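Heads up: the structure comes next, in structure tokens.
Residue numbers (our numbering): 50 to 226.
The structure is reproduced here in structure tokens:
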């Protein structure tokens with residue numbers, strides 16, 4: 050049995066959860082999120098909690114059980130508090146700045162990289178070496194942060210590149226004479 054799936058998801062005040070066929074929608078003060086519920090999982094919406102249960106005892110149903118419960122909990126957290134990721138840029142001449150709604154990255158290439166921010170995501174550059182990505186969809190916030198980091202991952206010798214805040218970079222010793 051899924052330990053995560055067994056726990057009901059609490060619905061805080063100001064949030065409404067609606068089940069329309071196989072589509073679950075969560076509406077809160079920060080916005081609206083929706084997802085399609087798989088046939089292997091049954092979702093019951095009570096007054097102040099959401100209960101997820103598997104339809105059968107198949108491995109697929111048990112796998113989706115805990116995942117759907119976590120996704121619903123993430124949606125409720127997203128529409129109430131939101132999510133954010135912080136990226137740090139290290140390196141001489143490496144910097145980021147906003148150019149309209151897009152992010153202009155200077156990462157040591159012969160050209161600047163212009164990253165187009167998808168809809169539903171807010172990106173800020175409080176200073177030249179910090180990028181703050183925020184939004185209500187946890188998966189989309191993480192994917193945008195990963196896409197920006199992909200342009201220049203931190204290298205192990207000097208630590209130059211884009212890294213998550215608090216990420217540890219395993220450093221290597223340079224070549225000896």
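We put the beta carbon where it would ideally sit given N, CA and C, even for glycine.
From a predicted model like this one, the values you see are computed outputs, not experimental measurements.
Here residue 221 carries a coil assignment [DSSP, helix/strand/coil]. One alpha carbon belongs to residue 122, the other to residue 58, and they sit about 6 Å apart. Ranked by how close their Cα comes to the Cα of residue 105, the residues 188, 159, 89, 204 have 89 in first place. Following the DSSP letters along the chain, one finds residue 137 in no alpha helix (DSSP H) but inside the beta strand (DSSP E) bounded by residues 132–139.
The C-beta of residue 187 has 16 or more other C-beta atoms within 10 Å across all chains shown, which makes the residue buried. Taking the CA atoms as reference points, residue 115 sits about 15 Å from residue 84. Listed as beta-bridge partners of residue 67 by DSSP are 74. The DSSP assignment places no complete run of the alpha helix (DSSP H) inside the region 126–190 (cut-off: 4 residues).
Between residue 71 and residue 86, the C-beta gap is smaller than 7 Å, which places the two residues in contact. Distance between residue 217 and residue 192, taken at the CA atoms: about 20 Å.
For residue 94, same chain residues with a beta-carbon under 6 Å away, outside a window of 5 residues either side, are 66, 68 in chain order. In the three-state reduction of the DSSP assignment, residue 93 falls in the strand class, which pools E and B. For residue 105, there is no enclosing alpha helix (DSSP H), as DSSP gives it neither H nor E.
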